[in-house]
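Visitor: Handing you this structure, nothing more for now.
Residue numbers (our numbering), protein chains in the order written: chain A, -7 to 602; chain B, 234 to 459.
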């Protein structure tokens, strides 16, 4: 199914915006709509079974704050305990799911962050299919470099749910470097500073005749433009309350409106020295305030300082000095903020490089990686690293490190385990990710149960467990009992993710829940379905039309005519409604046929029995 | 204790045993393999057969005094042919082989590109005592360190960043000097062909020196804060 000539779509699945790009002989190209816009806001609106994505969903967010989901990337691969900070600010409902995951409760359904991300991926894919006029089944999806194993897996699962064969998960800063590095011939050491909507990454790379080797990476998956918006929201809310009374509480709509105000103000303050905010609170109460850039910068500074700390650590871990870094590449919308540019320039002692639009550079880089994987771009190679160390729980709740952070991927380590009880046939291994010494301070990736160990006296089995991290930075565990040479089965219980079965089930259900049937091929799918239904109705009419009452027959004819008309049109929703109506109208017919079939089987059996 | 390590199981002396010595042939074009895994001529990936050391994997001489640029060049060249990115359209087996070989190359380069890791690895490969067996350091080293460690702890507790930075600089200079000594000791070892006794004595000295280096490395990380 994966044809070599198929296009692999590069997708930047962002906290605030998502983009798609593809590789051509002339370099990577962004997918744009008719108006030239390449960004799809990562916003999903779900109401009454209808799904809308992107600008449309964003526009109606103020009206329907509870059914509008945004910043879902912050929930990927996370448990409820991890997102406490987010809960305060996200108006939609978040509840706890299986094995320390979260579910978003919206439109009477519980959806995983993976399913929601799949909706966004599908929208990006739909746009690309429309633009390129061909079906797309393969993708490279980017993630923050500092994403842990669970977050990477969640992203890959989202791709699967969107019906995409995810060829590679690529780190965003690395992708950006690839996009920049196309014409580079000589060797250089560069830094990529990536401040996005919800995450921050910094990577130090060595570029050597087309080989991009990441030396180190550091970051914070809880730091981004959203946080700067919140600073402004806090400022405005506090002032409104002191001005109009602290009893004034804000409903979800107002909070959503404030969020939009804050984002616009932040963007305006990058170009201007001050921006005026006006909030109409009703009943003649109007809050009006001019916020200066300096005021905003004072509030933003602690966040930006944190990014600079991360830069310092990345430089140290790379084993280079600041002076050796010849170029600093800026990625993410937030790098337009003058304070960010000043701070970066001051730390790296050189002017940051911003030749490519910071919103688009990651998607373009993903397309370059797609070109490498498709075999059409052989001059370049990416050697990336694992951002956090991997280890296993040892006695007393300590962590034994197996793979150190900043190790080039793919990489592997192996460890020999044994049993402690005679005849024991399974061994449990707890795998963790993080830099700290104790289990409680690291992130649990999951528990691996090795079964099928041949029964032997305690301590005799030699179970060699191999921890393989692939080029996506995702861990695979396998085990062999060396004395018997028997492979042990590995059962995984993820700590913050979905099991393989759960993903399989969701893939099956996605059609039913109208998650993947949107955008471009939704219409195609619906039309195909229409043909099937029309054929079925015709057949049934010929076979059992006589059972219908005149009124029923009339209703069915009308519904069929309406369905034919809708199938000729371009409105997918209208078609969907017409399809449901036709199905309903055909109900008596279907029922009669079912009865007939049942009767026949019953009769048939009787004949057999007697 | 060094008795257990004296004769048995020692990899033999460099000339016969260095990567250039063990010549295997490429499974595809039958030409001699310089790296044990990737053919320099037809770029075919060869399965990792018998236990292969990092030097042989990268196809560089088994020496401590390696040319860092040459090592890097070799690593990148081999990665260009072995990386899983170039096998996504291939068979399942070729994908697994690419991942296995790439993992080994990455491991090998990480170890050999860091002088301390390289020294530790080579010491073990040459049959020298491990740090678990011989924990001693050169004479007078620990006394000197005791004073320094006290000063460091004080500076850390007081949050005296300037003092920490100063100590850090001194320690890094000391580290460089000690690694230069390690290089000398390895050169001594390599020049003593055929004289097993002296060679063993060299490995013992290297062990003690590396124990001291390891100690200083820990102190340096103390000055770096977290």
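Note that CB positions come from ideal geometry on N, CA and C, so glycine has one too.
Please read all numbers here as calculations on a predicted model, not as lab measurements.
Report buried or exposed for residue 235/A, applying the criterion of at least 16 other Cβ atoms within 10 angstroms of its Cβ.
Guide: Classification of residue 235/A: exposed, given that the 10 Å Cβ count is below 16.
Visitor: Buried or exposed for residue 307/A, please, with buried defined as at least 16 other CB atoms from any protein chain shown within 10 angstroms of its CB.
Guide: With 16 or more Cβ atoms within 10 Å of its Cβ, residue 307/A is classed as buried.
Visitor: Using the beta-carbon count (16 or more within 10 Å), is residue 606/A buried or exposed?
Guide: No answer is possible for residue 606/A: it lies beyond the span of chain A, which begins at -7 and ends at 602.
Visitor: State the beta-bridge partners of residue -1/A as determined by DSSP.
Guide: None, per the DSSP bridge assignment.
Visitor: Please list, in chain order, the chain B residues whose beta carbon lies closer than 9 Å to that of residue 460/A.
Guide: What residue 460/A touches in chain B: 332, 333, 336.
Visitor: Quick one: is residue 280/B buried, meaning 16 or more other Cβ sit within 10 Å of its Cβ, or exposed?
Guide: Residue 280/B comes out exposed.
Visitor: At 7 Å on the CB atoms, spell out the chain B contacts of residue 404/A, in chain order.
Guide: 336, listed in chain order.
Visitor: For residue 203/A, go through chain B and note every residue whose CB falls closer than 8 Å to its CB, in chain order.
Guide: Result: 309, 312, 313.
Visitor: Tell me which same chain residues have a C-beta within less than 6 Å of the C-beta of residue 311/B, skipping the five on either side of it?
Guide: Excluding sequence neighbours, residue 311/B sits near 268, 271, 338.
Visitor: With a threshold of 8 Å on Cβ separation, who are the neighbours of residue 258/B within its own chain once the five nearest residues in sequence on each side are excluded?
Guide: Here the set comprises 264, 265, 266.
Visitor: Output the residue ranges of the alpha helix (DSSP H) runs that lie fully inside the region 21 to 82 of chain A and measure 4 residues or longer, sorted by chain position.
Guide: DSSP runs (the alpha helix (DSSP H)) wholly in the region 21 to 82 of chain A: 47 to 51, 76 to 79.
Visitor: Does residue 342/B have its Cβ less than 9 Å from a Cβ in chain A?
Guide: Chain A contact via Cβ: present.
Visitor: Taking C-alpha atoms, which residue in 395/A, 457/A, 425/A lies nearest to residue 419/A?
Guide: The candidate whose alpha carbon is nearest that of residue 419/A is 457/A.
Visitor: Which residues in chain A have a C-beta closer than 8 Å to the C-beta of residue 394/B? List them in chain order.
Guide: By Cβ distance, chain A contributes nothing, its closest Cβ being about 13 Å from residue 394/B, past 8 Å.
Visitor: Examine chain A for any beta-carbon lying closer than 9 Å to the beta-carbon of residue 292/B, and answer yes or no.
Guide: Taking Cβ atoms only, chain A never reaches closer than 9 Å to residue 292/B, which makes this a no.
Visitor: I'd like to confirm the pairing. Which residues does DSSP put opposite residue 9/A in its beta bridges?
Guide: Residue 9/A pairs with 33/A.
Visitor: Go ahead and label residue 369/A buried or exposed: buried means 16 or more other beta carbons lie within 10 angstroms of its beta carbon, across all protein chains shown.
Guide: By the neighbour-count rule (16 or more Cβ atoms within 10 Å), residue 369/A is buried.
Visitor: Please go through the region 317 to 376 of chain A and give each complete alpha helix (DSSP H) segment of 4 or more residues, from N-terminal end onward.
Guide: The region 317 to 376 of chain A contains these whole alpha helix (DSSP H) runs: 330 to 340, 353 to 365.
Visitor: For residue 290/B and residue 336/B, what's the separation of their Cα atoms in angstroms?
Guide: If you take the alpha carbons of residue 290/B and residue 336/B, they lie about 11 Å apart.
Visitor: Pick helix, strand or coil for residue 209/A, following the three-state DSSP scheme.
Guide: Note: residue 209/A maps to strand in three-state DSSP.
Visitor: With DSSP run on the structure shown, which of helix, strand or coil describes residue 138/A?
Guide: Residue state, collapsed to three classes: coil.
Visitor: Between the Cα of residue 144/A and the Cα atoms of 169/A, 156/A, 106/A, which residue gives the shortest distance?
Guide: Closest option to residue 144/A, Cα to Cα, is 106/A.
Visitor: Quick check: does the Cβ of residue 235/A come within less than 8 Å of any heavy atom belonging to the ligand GDP?
Guide: This structure does not include the ligand GDP; it has no bound ligands of any sort.
Visitor: Measuring straight from C-alpha to C-alpha, what distance separates residue 440/B and residue 419/B?
Guide: Roughly 11 Å between the two C-alpha positions.
Visitor: So, for residue 495/A: in the same chain, excluding its five sequence neighbours on each side, which residues have a beta-carbon less than 8 Å away from its beta-carbon?
Guide: These residues qualify, in order along the chain: 106, 149, 152, 153.
Visitor: According to DSSP, simplified to helix, strand and coil, what is residue 407/B?
Guide: Reduced to three states, the DSSP call for residue 407/B is helix.
Visitor: Using DSSP with H/G/I as helix, E/B as strand and the rest coil, what is residue 383/A?
Guide: If DSSP states are grouped into helix, strand and coil, residue 383/A belongs with the strands.
Visitor: Helix, strand or coil for residue 295/B, going by three-state DSSP, please let me know.
Guide: If DSSP states are grouped into helix, strand and coil, residue 295/B belongs with coil.
Visitor: With a threshold of 9 Å between beta-carbons, can residue 319/B be considered close to chain A, or not?
Guide: So, interface residue.
Visitor: Listing by chain order, which chain A residues have their CB less than 7 Å from the CB of residue 316/B?
Guide: Residues of chain A passing the Cβ test: 373.
Visitor: Please name the residue, chosen from 451/B, 302/B, 296/B, 424/B, that lies closest to residue 408/B on a Cα-to-Cα basis.
Guide: For the residues 451/B, 302/B, 296/B, 424/B, the minimum Cα distance to residue 408/B belongs to 451/B.
Visitor: Where does residue 455/B sit, in a helix, a strand or coil, going by DSSP?
Guide: Reduced to three states, the DSSP call for residue 455/B is helix.
Visitor: By the criterion of Cβ-Cβ separation under 7 Å, what are the contact partners of residue 457/B in chain A?
Guide: Near residue 457/B (Cβ distances below 7 Å), the residues of chain A are 308.
Visitor: Pairs of beta-carbons, one from the region 98 to 113 of chain A and one from the region 38 to 54 of chain A, closer than 8 Å: are there three or more?
Guide: A contact exists between the region 98 to 113 of chain A and the region 38 to 54 of chain A.
Visitor: Could you check the C-alpha separation between residue 508/A and residue 356/A for me, to the nearest Å?
Guide: Unreliable placement is indicated for residue 508/A, whose pLDDT of 46 sits below 50; no coordinate value is reported for it.
Visitor: The beta strand (DSSP E) spanning residue 284/A covers which residue range?
Guide: Residue 284/A -> beta strand (DSSP E) spans 278 to 284.
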